[in-house]
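Student: Chains A and B are the protein sequences, given in the same order.
Here the first sequence is numbered in this note's numbering, starting from 1 and rising by one per residue.
Here the second sequence is numbered in this note's numbering, starting from 444 and rising by one per residue.
Glycine included, C-beta positions come from ideal geometry on N, C-alpha and C.
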Amino acid sequence: MRAISSNSAKANINKRFTILLAVIVMGLAHIVVFKQYTKGILFALCHVAFFVFLPTIVNNFAGLITLGEPQPDLHILLRDNSLFLLMDGMLTIAFVALFVGVYVISVRNALKLQAEFDNTGRMPTTKGFFAELATGSFPIVALLPTVLLILFFVVVPLIFAASVAFTNYSSPHNIPPNNVIDWVGLDNFRFMFGGNALWAGALGRVIIWTLAWAALATFTCYVGGFFMAVVMNNAKMRIAPFFRAILILPYAVPGVISLMVWSNMLNGAFGVVNRTLIQLGIISTGIPWLTDVWLARFMTVAINLWVGFPYFMLLVTGTMTAISQDIYEAAKIDGASTFQTTRRITLPLVLYQTTPLIIMSFNHNINNFGAIFFLTGGGPTMPDSVTTSAGGTDILVSWIFNLTVNLQQFHYASVLAVMIFVAIAPFAIFNFMQTKSFKEGDV
Amino acid sequence: MAALQKLNAGIIVLFLTIISLIVIYPLLYVIASAFTPGNSIADMPIVPFTSGFTLDNFTHLFNNTNYPLWFMNTLQVAVATSIGTMFVASLGAYTFSRFRFAFKKTFMVSMLVLQVFPSFIGMIAIFVILFRFGLLDNLWGLVLVYLAGNTPFNTWLMKSYLDTIPRSMDEAARIDGASHLRTFLTIIMPMAKPIIIFLLITSFTGPWMDFILPQMVLRSPANHTLAMGLFSFITDRRNDFTTFAAGSIIIAVPFVVFFVATQKMLITSLGAGAVKE
Numbered sequence: 001m002r003a004i005s006s007n008s009a010k011a012n013i014n015k016r017f018t019i020l021l022a023v024i025v026m027g028l029a030h031i032v033v034f035k036q037y038t039k040g041i042l043f044a045l046c047h048v049a050f051f052v053f054l055p056t057i058v059n060n061f062a063g064l065i066t067l068g069e070p071q072p073d074l075h076i077l078l079r080d081n082s083l084f085l086l087m088d089g090m091l092t093i094a095f096v097a098l099f100v101g102v103y104v105i106s107v108r109n110a111l112k113l114q115a116e117f118d119n120t121g122r123m124p125t126t127k128g129f130f131a132e133l134a135t136g137s138f139p140i141v142a143l144l145p146t147v148l149l150i151l152f153f154v155v156v157p158l159i160f161a162a163s164v165a166f167t168n169y170s171s172p173h174n175i176p177p178n179n180v181i182d183w184v185g186l187d188n189f190r191f192m193f194g195g196n197a198l199w200a201g202a203l204g205r206v207i208i209w210t211l212a213w214a215a216l217a218t219f220t221c222y223v224g225g226f227f228m229a230v231v232m233n234n235a236k237m238r239i240a241p242f243f244r245a246i247l248i249l250p251y252a253v254p255g256v257i258s259l260m261v262w263s264n265m266l267n268g269a270f271g272v273v274n275r276t277l278i279q280l281g282i283i284s285t286g287i288p289w290l291t292d293v294w295l296a297r298f299m300t301v302a303i304n305l306w307v308g309f310p311y312f313m314l315l316v317t318g319t320m321t322a323i324s325q326d327i328y329e330a331a332k333i334d335g336a337s338t339f340q341t342t343r344r345i346t347l348p349l350v351l352y353q354t355t356p357l358i359i360m361s362f363n364h365n366i367n368n369f370g371a372i373f374f375l376t377g378g379g380p381t382m383p384d385s386v387t388t389s390a391g392g393t394d395i396l397v398s399w400i401f402n403l404t405v406n407l408q409q410f411h412y413a414s415v416l417a418v419m420i421f422v423a424i425a426p427f428a429i430f431n432f433m434q435t436k437s438f439k440e441g442d443v
Numbered sequence: 444m445a446a447l448q449k450l451n452a453g454i455i456v457l458f459l460t461i462i463s464l465i466v467i468y469p470l471l472y473v474i475a476s477a478f479t480p481g482n483s484i485a486d487m488p489i490v491p492f493t494s495g496f497t498l499d500n501f502t503h504l505f506n507n508t509n510y511p512l513w514f515m516n517t518l519q520v521a522v523a524t525s526i527g528t529m530f531v532a533s534l535g536a537y538t539f540s541r542f543r544f545a546f547k548k549t550f551m552v553s554m555l556v557l558q559v560f561p562s563f564i565g566m567i568a569i570f571v572i573l574f575r576f577g578l579l580d581n582l583w584g585l586v587l588v589y590l591a592g593n594t595p596f597n598t599w600l601m602k603s604y605l606d607t608i609p610r611s612m613d614e615a616a617r618i619d620g621a622s623h624l625r626t627f628l629t630i631i632m633p634m635a636k637p638i639i640i641f642l643l644i645t646s647f648t649g650p651w652m653d654f655i656l657p658q659m660v661l662r663s664p665a666n667h668t669l670a671m672g673l674f675s676f677i678t679d680r681r682n683d684f685t686t687f688a689a690g691s692i693i694i695a696v697p698f699v700v701f702f703v704a705t706q707k708m709l710i711t712s713l714g715a716g717a718v719k720e
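1) Need the endpoints of the alpha helix (DSSP H) that A:His30 sits in, please.
2) Would A:Ile366 and A:Ala214 be called neighbours here (beta carbons separated by less than 7 Å)?
3) For the alpha helix (DSSP H) holding A:Ile159, just list the boundary residues, first then last.
4) I think A:Ala94 touches A:Val156, with their Cβ atoms under 8 Å apart; what is that distance to the nearest whole Å?
5) Taking 7 Å as the threshold (beta carbon to beta carbon), is A:Thr146 in contact with chain B?
6) Below 7 Å between beta carbons: does that hold for A:Gly370 and A:Pro380?
7) Could you name the residues of chain E that A:Arg238 contacts, counting a contact when the two beta carbons are closer than 7 Å?
8) Could you spell out the range, first to last residue, of the alpha helix (DSSP H) harbouring A:Glu329?
9) Mark B:Arg543 as exposed unless 16 or more other C-beta atoms lie within 10 angstroms of its C-beta, in which case mark it buried.
10) Counting only beta-carbon separations shorter than 7 Å, does A:Ile246 have a partner in chain B?
11) Taking 7 Å as the CB-CB cut-off, is B:Phe676 touching chain A?
12) B:His667 CB to nearest chain A CB: under 7 Å?
13) Could you say which of A:Thr338, A:Lys35 and A:Met260 lies nearest to A:Ile303 if we only look at CA atoms?
14) What is the DSSP secondary structure of A:Thr120, reduced to helix, strand or coil?
15) Express the C-alpha separation of A:Ala162 and A:Asn81 in angstroms, rounding to a whole number.
16) Under 7 Å, do A:Thr18 and A:Ala110 count as touching if we go by C-beta distance?
17) From A:Phe432 to A:Tyr412, what distance separates their C-alpha atoms?
18) According to DSSP, what are the bridge partners of B:Thr678?
19) In three-state DSSP terms, what is A:Thr167?
20) Does any CB atom of chain B fall closer than 7 Å to the CB of A:Leu111?
21) Below 7 Å CB to CB, which residues in the same chain sit around A:Ile4 once its five sequence neighbours on both sides are set aside?
22) Reducing DSSP to helix, strand and coil, say where A:Val443 ends up.
23) Using the Cα positions of A:Asn406 and B:Phe576, report the straight-line distance between them to the nearest angstrom.
24) Would you tell me roughly how many angstroms separate the C-alpha atoms of A:Phe421 and B:Phe560, rounded to the nearest one?
25) Please list, in chain order, the chain B residues whose beta carbon lies closer than 8 Å to that of A:Trp262.
26) Determine which residues share a DSSP beta bridge with A:Trp183 and list them.
27) Grab the span of the alpha helix (DSSP H) containing A:Ala371 for me, first residue to last.
28) With DSSP as the reference, label B:Asn482 as helix, strand or coil.
29) Report yes or no: do three or more beta-carbon pairs, one from the stretch 660 to 671 of chain B and one from the stretch 237 to 252 of chain A, lie closer than 8 Å?
30) Look up A:Asn174 in the DSSP assignment and give the residues it is bridged to.
31) Leaving out five residues on either side along the sequence, give the residues of the same chain with a beta carbon under 8 Å from the beta carbon of A:Phe362.
32) Within 10 angstroms of its Cβ, does B:Leu464 collect 16 or more other Cβ (buried), or is it exposed?
33) Rounding to the nearest angstrom, what Cα-Cα distance links B:Gln558 and A:Asn168 in this structure?
34) Shorter than 7 Å from the beta carbon of B:Ser691 to some beta carbon of chain A?
35) If you drop the 5 nearest sequence neighbours on each side, which residues of the same chain put their C-beta closer than 8 Å to that of A:Met265?
36) Counting only beta-carbon atoms, is A:Arg343 nearer than 7 Å to chain B?
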């Protein structure tokens with residue numbers, strides 16, 4: 001009895017000691033207690049690196065807060081570059097987050113080793129460093145590329161873009177490296193949402209059109225694709241494969257090429273569509289396909305249908321093949337027509353299966369820069385276009401492009417980026433909650 | 444009844460013919476333009492193939508423009524992106540599918556939410572980051588951005604596929620003493636071949652026609668990609684539609700042949716993807 005209690009007391013002290021070492025400097029517990037030198041030294045080096053870079057880290061945080069001071073006397077290359085200060089601050093946060101991650105991993109690992117010791121009473125076997133990498137630490141090593149890529153090229157850019165919305169980064173007075181930029185709080189949001197009638201008007205127009213465009217584009221492509229899939233499915237003739245090969249073409253040809261070709265063909269002055277119609281005597285003057293606001297909007301949806309229906313046609317065909325033929329047989333015996341079986345069997349089943357992809361397609365269309373930019377370039381111009389650079393068919397993303405590239409109004413562009421985030425995130429999360437893996441709790 | 448069926452079939456053929464003509468019209472027009480003398484779209488006849496035949500546009504494309512260079516650049520980016528995506532996504536998917544670890548759910552949900560944002564929302568930031576890492580105006584910088592953009596969605600796609608492979612397969616290998624890495628490479632990867640091929644193809648085709656990111660990241664003409672080059676033929680200042688058409692069909696033909704040849708597989712993959720979502 002006594003032996004057991006003294007034994008557990010010993011293990012207790014040992015445990016506290018381990019935790020203490022592990023928390024003070026990471027890797028220390030690995031070296032001192034468990035004699036796992038390679039791993040311990042690597043962890044310790046991480047910690048040393050953190051202390052070495054601590055002044056830089058503090059400095060970068062300070063830079064993130066001040067975004068630099070105006071230094072008109074210095075040479076342009078020596079002045080504080082607010083953009084770099086902002087980015088370095090973000091990157092520093094990312095690195096510190098990584099460090100905290102490694103820290104948590106090291107402490108957890110030390111605790112795991114300790115638990116192993118407590119259970120078996122023996123020192124955990126030290127595998128070779130590389131053997132450990134291929135087995136025990138596999139999840140960490142395997143996810144490292146994913147974590148680094150997503151952190152530096154997806155998360156940091158998105159946070160950076162969002163934070164620019166709270167600065168005055170814009171032409172002509174606040175463009176680094178000539179001048180510094182400053183934090184301005186919610187000024188840009190106030191400006192866009194009513195502070196300035198012209199900009200607020202443009203914003204309202206673009207948001208409504210973006211949502212309308214995404215809904216129409218998704219709906220038309222889905223209905224068109226569904227319809228063609230049903231027709232092809234019922235067309236049991238010898239030349240059906242020939243038609244199928246033709247109908248798949250818009251999906252196969254790179255979309256940018258198709259859009260640029262359509263844009264040229266629909267050109268009001270020299271486009272081949274107008275010239276053909278004039279030659280045929282159907283019209284006497286060219287139809288302003290892409291220069292009349294409502295007609296241009298209609299054409300973006302129409303051409304997008306041309307580009308996008310084959311995707312849904314393939315998708316619906318694929319889903320339809322998975323529906324059991326027995327159901328159709330049964331319906332046929334009961335005397336159902338083709339229209340009835342399509343309406344009552346195919347449509348609900350396919351719709352149920354493809355709902356997540358419809359939502360994905362809606363999100364894709366909200367961001368469908370190419371479909372607008374390569375067809376109309378965002379045009380035609382509206383009364384406010386000179387100031388705001390938002391044309392009649394511009395959606396949020398293409399307006400962001402104009403604001404950044406043409407007007408250099410980065411702060412307003414970032415407000416729009418935040419808007420897109422707000423608009424899309426609910427759909428993405430809803431879509432996720434519909435997935436099988438989420439519903440079954442097995443993520 | 445037979446007559447009615449014939450009429451029905453006739454209507455379907457008529458309908459399909461009309462739709463096919465609408466689909467074919469612009470494509471036929473590009474092909475015709477590529478072989479027609481002249482430059483601007485205004486010179487093109489309204490009925491395709493009626494004003495002469497020439498290969499000048501193709502010789503012009505290869506002799507007087509940087510087309511071969513753009514092609515090689517894009518090929519490099521596409522191959523690197525495709526292989527990179529395969530490795531990163533399959534490693535990640537295997538981990539998510541087979542391991543339990545802290546923050547796994549949070550991680551997966553955030554990846555799903557992040558994947559809906561186009562990379563160019565953060566384009567100013569990507570520009571600055573690449574500049575900070577010394578990767579601006581560098582094809583590898585572009586590859587990294589594509590890779591990061593592809594990773595979330597493809598990891599999810601692959602994970603749902605791996606979930607369908609019975610765990611007993613890899614457990615058997617583990618009992619025989621194979622490491623996780625070995626199990627992954629010799630058991631899982633071969634079994635996931637269909638999804639890996641699908642993933643390789645979809646990430647290979649992406650970079651060919653992306654315009655906005657290269658336009659922003661690549662500055663020197665030596666690094667330009669195909670989409671940038673082709674777009675430069677038909678800007679407002681220049682209207683060299685025939686050269687554009689020639690360059691476009693060289694790209695489009697392999698794509699079309701490939702898609703038409705593999706449409707059966709595409710239908711199954713897309714259908715399977717939908718069912719598993």
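Tutor: So, from the data block:
1) Mapped onto the first sequence, residue 30 of chain A falls at position 30. That run of the alpha helix (DSSP H) goes Leu28 to Val32.
2) Position 366 of the first sequence holds residue 366 of chain A. Position 214 of the first sequence holds residue 214 of chain A. Yes, the pair counts as a contact, with Cβ atoms nearer than the cut-off.
3) Walking along the first sequence from the start, residue 159 of chain A turns up at place 159. Start and end: Val156 to Val164.
4) Locating residue 94 of chain A in the first sequence gives position 94, counting from the first residue. Locating residue 156 of chain A in the first sequence gives position 156, counting from the first residue. Right, their Cβ atoms sit about 5 Å apart.
5) As a first step, residue 146 of chain A must be located in the first sequence, where it is residue number 146. It does; some Cβ of chain B falls within 7 Å.
6) As a working mapping, residue 370 of chain A is identified with position 370 in the first sequence. As a working mapping, residue 380 of chain A is identified with position 380 in the first sequence. It is not a contact, given that the beta carbons lie outside the stated cut-off.
7) Looking for chain E here will not work: the only protein chains present are A and B.
8) If you number the first sequence from 1, residue 329 of chain A lands on position 329. Element bounds for A:Glu329: Gln325 to Ile333.
9) Walking along the second sequence from the start, residue 543 of chain B turns up at place 100. By the 10 Å Cβ count, B:Arg543 comes out exposed.
10) Taking the first sequence and counting its residues from 1, one reaches residue 246 of chain A at position 246. At least one chain B Cβ lies under 7 Å of A:Ile246.
11) Counted from its first residue, the second sequence places residue 676 of chain B at position 233. Not one chain A Cβ lies under 7 Å of B:Phe676.
12) Here residue 667 of chain B corresponds to residue number 224 of the second sequence, with the count starting at 1. No, B:His667 does not count as interfacial toward chain A.
13) Here residue 303 of chain A refers to the residue found at position 303 when the first sequence is read from its first residue. When each option's Cα is compared against that of A:Ile303, the closest is A:Met260.
14) Working through the first sequence from its first residue, we reach residue 120 of chain A at position 120. Here A:Thr120 sits in helix by DSSP.
15) Indexing the first sequence from 1 puts residue 81 of chain A at position 81. Indexing the first sequence from 1 puts residue 162 of chain A at position 162. Going from the Cα of A:Asn81 to the Cα of A:Ala162 covers about 19 Å.
16) Here residue 18 of chain A is taken as the residue at index 18 of the first sequence, counted from 1. Here residue 110 of chain A is taken as the residue at index 110 of the first sequence, counted from 1. Cβ atoms of A:Thr18 and A:Ala110: closer than 7 Å.
17) In the first sequence, residue 432 of chain A corresponds to position 432, counting from 1. In the first sequence, residue 412 of chain A corresponds to position 412, counting from 1. Spanning the two alpha carbons is a distance of roughly 30 Å.
18) Taking the second sequence and counting its residues from 1, the one referred to as residue 678 of chain B is at position 235. B:Thr678 pairs with nothing; no bridge assigned.
19) Indexing the first sequence from 1 puts residue 167 of chain A at position 167. Reduced to three states, the DSSP call for A:Thr167 is strand.
20) For the purposes of this step, residue 111 of chain A is identified with residue 111 of the first sequence, where counting begins at 1. Closer than 7 Å: no.
21) On the first sequence, position 4 is the one that residue 4 of chain A refers to. Because A:Ile4 sits at a pLDDT of 44, beneath the cut-off of 50, its placement in the model cannot be relied upon, and the point is left open.
22) If you number the first sequence from 1, residue 443 of chain A lands on position 443. Interpretation of A:Val443 is limited by its pLDDT of 49, a score under 50 that renders its predicted location unreliable; no figure is taken from the coordinates.
23) For the purposes of this step, residue 406 of chain A is identified with residue 406 of the first sequence, where counting begins at 1. For the purposes of this step, residue 576 of chain B is identified with residue 133 of the second sequence, where counting begins at 1. Going from the Cα of A:Asn406 to the Cα of B:Phe576 covers about 26 Å.
24) Numbered from its first residue, the first sequence carries residue 421 of chain A at position 421. Numbered from its first residue, the second sequence carries residue 560 of chain B at position 117. If I take the Cα positions, the gap works out to 8 Å.
25) Stepping through the first sequence from its first residue, residue 262 of chain A is reached at position 262. Simply Pro469.
26) Here residue 183 of chain A corresponds to residue number 183 of the first sequence, with the count starting at 1. In the DSSP output, where bridge partners are listed per residue, A:Trp183 has A:Thr167.
27) Position 371 of the first sequence, counted from the first residue, corresponds to residue 371 of chain A. From DSSP, the alpha helix (DSSP H) with A:Ala371 extends over Phe369 to Phe373.
28) Taking the first residue of the second sequence as 1, we reach residue 482 of chain B at position 39. Of the three classes helix, strand and coil, the one that applies to B:Asn482 here is coil, per DSSP.
29) no
30) One-based indexing of the first sequence puts residue 174 of chain A at position 174. According to DSSP, which records beta bridges pairwise, A:Asn174 is partnered with A:Ser170.
31) Here residue 362 of chain A corresponds to residue number 362 of the first sequence, with the count starting at 1. Within the same chain, A:Phe362 has close Cβ partners Ala214, Ala215, Thr218 and Phe427.
32) In the second sequence, the residue the question calls residue 464 of chain B occupies position 21. Looking at its Cβ environment, which holds fewer than 16 other Cβ atoms inside 10 Å, B:Leu464 is exposed.
33) Residue 558 of chain B sits at position 115 when you count from the first residue of the second sequence. Residue 168 of chain A sits at position 168 when you count from the first residue of the first sequence. Distance between the alpha carbons of B:Gln558 and A:Asn168: 28 Å.
34) Sequence index remark: in the second sequence, residue 691 of chain B carries index 248 (1-based). Chain A contact via Cβ: present.
35) Residue 265 of chain A sits at position 265 when you count from the first residue of the first sequence. Gly271, Val272 and Val273, listed in sequence order.
36) As a working note, residue 343 of chain A is residue 343 in the first sequence. So, not an interface residue.
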